[in-house]
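A quick write-up on the structure given underneath.
Protein chains: 2
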Amino acid sequence: MLTEAARLLTGRLERLGTLSVADKQAVQSLVQHPAVHEARTDVFCDGDQRRELHLVLSGFFCRYKLLADGSRQILAILLPGDLCDPNLFSNAPYDFSVGALARGCTAALSRPPLHELFRRPALARAFSLTRHFDDALSREWLVNLGRRGTEQRLVRLLSELTWRLEAFGLSTGNKITLPLVQADLADSIGVTHVHLCRTLKQLQSEGLLRTERGRIVISDVAGLRKAVGVWPSYLAGLISVATPLQEPVAPRRQLEAFVEPLAI
Amino acid sequence: MLTEAARLLTGRLERLGTLSVADKQAVQSLVQHPAVHEARTDVFCDGDQRRELHLVLSGFFCRYKLLADGSRQILAILLPGDLCDPNLFSNAPYDFSVGALARGCTAALSRPPLHELFRRPALARAFSLTRHFDDALSREWLVNLGRRGTEQRLVRLLSELTWRLEAFGLSTGNKITLPLVQADLADSIGVTHVHLCRTLKQLQSEGLLRTERGRIVISDVAGLRKAVGVWPSYLAGLISVATPLQEPVAPRRQLEAFVEPLAI
DNA sequence: CGGGTCGTTGAGTGGGGTCAACACGGGTGG
DNA sequence: CCACCCGTGTTGACCCCACTCAACGACCCG
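Top to bottom, those sequences are chains W and X.
Sequential numbering of the first sequence, starting at 1, is according to the UniProt record's numbering.
Sequential numbering of the second sequence, starting at 1, is according to the UniProt record's numbering.
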């Protein structure tokens, strides 16, 4: 499983820039401690000291915060290949938690040697790019929560997930099954699970998706994306050239130039 | 003005960790191109190519996104000493804008030599810490927008600003004047300016603040913070030990250990 | 003095929250 | 095998927070 894990990570990084064989080996040698997490269990909690860096291997995870009244706000949904902690260099205790939404595995990367990898320009670039997308997503979520109605929030969240899954080769075709419970979506877009259920029915009646116990089946990915209206430019660079929709996508070449290497 | 600007930046960084004289000189030599920005003008716009890194010298600025329907979501409010771009290493076009909320100045740091500074462990640590707080703030905003009612959102936003201003020596005492228009607050917490006005009146009747044309005067900072209920632990490390409220603050010493230096 | 930005207030509306009750399925233990 | 329970999904009734539209007032500027 360790080698699979290592492959996943390098595979992900390679989509963001060319890596040498030595680069890949350097990354792969760091992947350790695979672990299984059942749904609704935590990888780490708000207040925990930061230790190794956790990498999602399979399943769906999320970053979230719990409030005094027990309600939960999900900050980001993590897919296979994503890093649980957006900040590779912080050493402060976590101010958020990461938990599994659906059963899945993680691996751990110890941080000091990880920091060493930033000596390698190609890897520094790739890791910085993952960071870039992490930021861009959280900005989108902020806009979503602040300025849009429930249906748009939901449609955009689901659409984001389809783009990300597709970008990393985790889905193909016009149908995607998300192993998410309705409460997870509700806590992501800041509405109650009751209201989320109704909004989901709405989309269902439009033929975009189907609900099953414990999963959401998007039966018309293209239609869903169309319901968003605009092309997700904040994901430019993540989405490959193979999927033009409305605006033209930045050519793959440009991607390489997106992030400066650390000048070392 | 350039030397003032340089001092501001090093002063800010020094609050996050000890710097050598050489460190400070290295930073100061990069500060260039001071510029004045009138209120409601942009420093850069969504879609612009990333060039130099802008540093706020004075005034209030904000990161924001404009939506198709013309509405605006503010992503962060930037105070003197803050960097306009959270991501020092990205080279992608901006996916958000930065504008002045109140008349103020910026300076520019050219990126390649800035990246060189990461060779210096103390500076790498300090810059990473600023990043850490930037992240922590955006997570708080996400929670705010997703899970809280208008009054709490507003109280927490204002309270955040008081803590940050105080932490960086930009305010003292129990009274703070914010050079913000009501629409700015409304666009920050995701409500209409009409509703914000009413909520403001509410707080005003509780004796916490006063409104003037173009500014909000917080007349009872302590009372405002009390209205939040909890201590802003997400700012631990930023807020000095001098201001204990409810929970004990992490001792200054620990701060040094918050961020790993780049292993170089 | 006039126009523009900013603030304030009112009236009416509706989106989304709250509180219930219930249905369903899958697990657990007897 | 059934009884039970708990997590999940669904629906209805009710209500209120916040949005919308609108008009007006205050202040600042030219």
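In this text, a Cβ means the ideal position worked out from N, Cα and C, and glycines have one as well.
| query | result |
| --- | --- |
| Grab the span of the alpha helix (DSSP H) containing X:Ser146 for me, first residue to last. | The question names Ser, but residue 146 of chain X in the sequence shown is Gly. Where X:Gly146 is concerned, the enclosing alpha helix (DSSP H) stretches over 121–147. |
| Rounded C-beta distance between W:Leu221 and W:Lys175? I'm assuming under 8 Å. | It is Val, not Leu, that sits at residue 221 of chain W in the sequence shown. About 7 Å; that satisfies the 8 Å criterion. |
| Is the distance from the Cβ of W:Asp46 to the Cβ of W:Asp95 below 8 Å? | yes |
| Mind pulling the chain W residues with CB within less than 9 Å of X:Phe168? | Correct list: empty, because the minimum Cβ distance to chain W is about 18 Å. |
| For W:Phe44, does the three-state DSSP call read helix, strand or coil? | strand |
| Tell me which residue opens and which closes the beta strand (DSSP E) that W:Lys65 is part of. | 61–66 |
| For W:Ser29, which residues does DSSP report across the bridge? | Answer is none; W:Ser29 lacks a bridge partner. |
| List the endpoints of the continuous beta strand (DSSP E) containing X:Leu178. | 176–178 |
| So, helix, strand or coil for X:Glu38, using DSSP? | coil |
| Among W:Thr10, W:Val230, W:Ala227, whose alpha-carbon lies nearest the alpha-carbon of W:Leu117? | W:Thr10 |
| Measuring CB atoms only, is the segment 144–156 of chain W touching the segment 60–79 of chain X, in the sense that at least three cross pairs come out at less than 8 Å? | yes |
| For W:Leu67, would you say it is in contact with chain X, using Cβ-to-Cβ distances shorter than 8 Å as the test? | yes |
| Is the beta carbon of W:Ala35 less than 8 Å from the beta carbon of W:Cys105? | yes |
| Compare the C-beta of X:Arg12 against all C-beta atoms of chain W and say whether one is closer than 8 Å. | no |
| Excluding the 5 residues flanking W:Ser110 on each side, which residues of the same chain have their C-beta closer than 6 Å to its C-beta? | Glu52 |
| Can you confirm whether the segment 217–231 of chain W touches the segment 149–159 of chain W when touching is taken to mean that 3 or more C-beta pairs between the two stretches lie within less than 8 Å? | yes |
| Would you decide whether X:Thr130 is buried or exposed? Buried here means 16 or more other CB atoms lie within 10 Å of its CB. | buried |
| Should X:Leu196 be listed as close to the ligand GDP, given that the test is whether its C-beta is under 7 Å from any heavy atom? | In the structure shown, the ligand GDP is absent, as is every other ligand, since no ligand is present at all. |
| Give the DSSP bridge partners of X:Gln73, in chain order. | X:Lys65 |
| Give the single residue among X:Val181, X:Phe61, X:Thr162, X:Leu180 whose Cα lies nearest to the Cα of X:Gly173. | X:Thr162 |
| I believe W:Arg50 touches W:Ser90 by the beta-carbon criterion, under 8 Å. Please report the beta-carbon distance rounded to the nearest angstrom. | 6 Å |
| At 8 Å on the CB atoms, spell out the chain W contacts of X:Tyr234, in chain order. | Asp95 |
| On a CA-only basis, which of W:Gly190, W:Glu38, W:Gln25 is nearest W:Ala100? Give me that one, please. | W:Glu38 |
| Apply the 10 Å Cβ neighbour rule to X:His54 and answer buried if 16 or more other Cβ atoms are within range, or exposed otherwise. | buried |
| Once the 5 residues before and after X:Glu160 are set aside, which same chain residues still bring their CB inside 8 Å of it? | Leu137, Glu140, Pro232, Leu235 |
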